[in-house]
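Line by line, the protein sequences are chains L and U. Read in order, the letters of the first sequence correspond to residues 1 to 113 in this note's numbering. Read in order, the letters of the second sequence correspond to residues 114 to 228 in this note's numbering. All C-beta atoms, glycine included, are put in the ideal place defined by N, C-alpha and C. Notes to accompany the following structure.
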Amino acid sequence: NAGVTQTPKFRILKIGQSMTLQCAQDMNHNYMYWYRQDPGMGLKLIYYSVGAGITDKGEVPNGYNVSRSTTEDFPLRLELAAPSQTSVYFCASRFRANTGELFFGEGSRLTVL
Amino acid sequence: KNQVEQSPQSLIILEGKNCTLQCNYTVSPFSNLRWYKQDTGRGPVSLTIMTFSENTKSNGRYTATLDADTKQSSLHITASQLSDSASYICVVTVMTTDSWGKLQFGAGTQVVVTP
C-alpha cells in the first residue's frame, strides 16, 4: 500500500530557482493538503484542494502555487525560491473533511541557499 | 484567534516509565481533536481521535483524554518503550461552514525515551 508518495525527499535550491514538489495518493481521497513544518512550530497550511480542479489558499500561500488536475496528484510549485522557503514540506490527504484522519507523505526537505 | 498549545516542549523519560503530554486549545467551534505521532524524518501518523462527547480513548499503551469544557486534552503513555521516542502533535479541527474542516496544529512535544 503506497498511501501518499512525495518526491523528492531532499533538494537544495539556489535563490531564484524554481521547482515542483510532487505528491500522489492512491487512496481515492478528495481532500489533499500541502503543509510546511519549521523547527519548533506547528504545521502551517500552504494550499489545499477539495477535489480535482478545486484548490484554495491556506495560511502561508505566498511564493507557492498548486494544481489538481486529477484526484491522485497534487503538485506544489515554488517560484523564485527564497531562503525563507527552507523547510520540510508535507503532503497529506484524507477521505472525510471534518473527522477524517490525515495521511501524510514522508516529507520533502528543501534548503534554499 | 484559534490556537493549540502543547506542553511540555520536550521531555526525557526512562524506558518503562509513564508520561503525560498536555494540549490546551482555544479553537471554536470545536469539531474533534487528534493526537499524531511523528517519528524523526517521517510524516505524522494518527494515534487517536476525540470528539466532543468522548472523555477517554485508548490505543494500546496510549490513552487520550478530553475535557471539552476546559478545552484540554492529554495523552498518557504507559510503560514507555524506546520506539515511543517521537514528536507528539495535537491537532484540533475547527468546524467550518464550508465543512472542509480547518485544522489547527500544536507545535508538538518531543519525547525521548532512554534505556
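Short CB-CB distance (under 8 Å) between residue i and chain U
i, result
"L/M27", "no"
"L/T99", "yes"
"L/E106", "yes"
"L/M41", "yes"
"L/F90", "yes"
"L/L21", "no"
"L/L110", "no"
C-alpha gap between residue i and residue j, whole angstroms
i, j, result
"U/M208", "L/L80", "35 Å"
"U/A177", "L/T55", "34 Å"
"L/M41", "L/G100", "23 Å"
"U/G129", "U/N168", "25 Å"
"U/K184", "L/K44", "22 Å"
"U/S198", "L/A52", "37 Å"
"L/A82", "L/W34", "18 Å"
Beta-bridge pairing of residue i - partner residues as DSSP gives them
i, result
"U/K170", "U/A177"
"U/M208", "Bridge partners of U/M208: none, in fact."
"U/N137", "U/E118 and U/Q185"
"U/S159", "U/Y149"
"L/F10", "L/R109"
From the options, residue whose alpha carbon lies closest to that of residue i
i, options, result
"L/V38", "U/V225, U/I125, U/G219 and U/V226", "The amino acid occupying residue 38 of chain L in the given sequence is Asp; Val does not appear at that position. When only C-alpha atoms are compared, the closest one is U/G219."
"L/L13", "L/N30, L/S84 and L/E101", "L/S84"
"L/R109", "L/L76, L/A52 and L/T86", "L/T86"
"U/V224", "U/Y149, U/D182, U/T139 and U/N145", "U/Y149"
"U/N137", "U/T169, U/R174 and U/S187", "U/S187"
"U/D182", "U/F143, U/N131 and U/P228", "U/F143"
"L/A2", "L/Q17, L/N65, L/S69 and L/N28", "L/N28"
"L/Q25", "L/F74, L/T111 and L/F90", "L/F74"
"L/T70", "L/Y89, L/Q17 and L/Q22", "L/Q22"
"U/R147", "U/A192, U/Q119, U/L124 and U/L127", "U/Q119"
"L/Y64", "L/G16, L/E72 and L/Y47", "L/Y47"
"U/V175", "U/K184, U/H189, U/Q185 and U/I162", "According to the sequence shown, residue 175 of chain U is Tyr rather than Val. Ranking U/K184, U/H189, U/Q185 and U/I162 by Cα distance to U/Y175 puts U/H189 first."
Any chain L beta carbon closer than 8 Å to residue i
i, result
"U/V117", "yes"
"U/A199", "no"
"U/T206", "yes"
"U/G129", "no"
Contact with chain A by residue i, beta-carbon distance below 8 Å
i, result
"U/F165", "Judged by its chain identifiers, the structure shown contains no chain A, and its protein chains are L and U."
Of all the residues that make up the stretch 168-185 of chain U, which are near chain L by a beta-carbon distance shorter than 7 Å?
none
Using Cβ-Cβ distances below 9 Å, what residues of the stretch 141-161 of chain U are close to chain L?
S144, N145, R147, Y149, Q151, G154, R155, G156, P157, V158 and S159
| message | Beta carbons nearer than 8 Å to chain U: which residues of the stretch 61-95 of chain L have them? | response | Listed in sequence order: F90 and A92.
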